[in-house]
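Numbering (the numbering used here), first residue to last: 5 to 271. Encoded as structure tokens, the structure appears first; notes follow it.
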């Protein structure tokens, strides 16, 4: 079948929407060059409203595209693969957590090159982080994959062996940020602020802290911590409680648990 679309997408959930719409907004790809397959009528209607072609059939999206984005849960991938095994596949881009390239190829019964990408949810606002293993791809195909994710994210090339660690850090990381953000808001309210006031200040504090760390990338973070602190002051009193309660080590252990779960999904 003639390749009528540049990008086929199987699974039109939130992450796929962020990736596709971001690429369209940045003029990396036209809506008319995309086809999305999803069983949900609501999902298909959403993409159709953006000028994107939709289909119920995964094989149609695969057959008509120059690149195929797999944006489904690892648990549902075996069923998806069943419908694609007799299709001559284009280069495949997988954003499935924990699913190794060798296992994807075996399930699809294909020799098509596979790129694995671990994006994260802030790509929906153009502030994502995406680690990309495109080592199997030809240079022009790798260029397309990086371009697709550059539209919404900072991109970082990594070997497949590091993707579970990436999952634990930037993949799951926004949830850690939101948990800490909620704690800041709750703390502000408990200390006497209105919730709206606390939320505004907490969000700006996280944004400002991250921007300062980025602007002073060569400065050790411990030095930035000292810059906020003064002897016998409020910041040191707060840091003492955080460290005494094992907050830094708890974050590390949480990330190790996430990495372990990604390893389990790889088996």
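Each residue gets a CB set at the ideal place from its N, CA and C atoms; glycine is no exception.
- For residue 34, the secondary structure class from DSSP, reduced to helix, strand or coil, is coil.
- Rounded to the nearest whole angstrom, the C-alpha separation of residue 153 and residue 234 is 42 Å.
- Assigned with DSSP and collapsed to three states, residue 140 falls in coil, not helix or strand.
- Distance check between residue 103 and each of 120, 113 and 95 places 120 closest, using alpha-carbon atoms only.
- In this structure, DSSP gives residue 156 a state outside helix and strand, which the three-state scheme calls coil.
- Residue 57 and residue 176 have their C-alpha atoms some 31 Å from each other.
- Under a 10 Å Cβ-count criterion, residue 44 is classified as exposed, with fewer than 16 other Cβ atoms of the shown protein chains found around its own Cβ.
- Residue 167: member of the alpha helix (DSSP H) spanning 167–170, first to last residue.
- Using a Cβ distance threshold of 8 Å, residue 101 and residue 126 do not count as a contacting pair.
- Using a Cβ distance threshold of 8 Å, residue 88 and residue 112 count as a contacting pair.
- Between residue 135 and residue 96, the C-beta gap is not smaller than 8 Å, which leaves the two residues out of contact.
- With contacts defined as CB atoms closer than 8 Å, residue 17 and residue 40 fail to qualify as a contacting pair.
- Residues 171, 172 and 176 of the same chain have their beta carbon placed closer than 7 Å to that of residue 262, with the five preceding and five following residues left out of the count.
- In the same chain as residue 132, and ignoring 5 residues on each side of it, the C-beta atoms closer than 6 Å to its own belong to 123, 124, 126, 156 and 157, in chain order.
- According to DSSP, residue 121 shares a beta bridge with 136.
- Using a Cβ distance threshold of 8 Å, residue 99 and residue 69 do not count as a contacting pair.
- Taking residue 8 as the centre and dropping the five residues before and after it, the same chain places the C-beta of 68 closer than 7 Å to its C-beta, in chain order.
- Annotation for residue 104: no alpha helix (DSSP H) segment contains it, and DSSP assigns it neither H nor E.
- Going by beta carbons, residue 86 and residue 12 fall outside the 8 Å limit.
- Considering only 27, 21 and 33, the residue with the shortest C-alpha distance to residue 46 is 21.
- Contact between residue 150 and residue 159 holds: CB atoms are separated by about 6 Å, below the 8 Å threshold.
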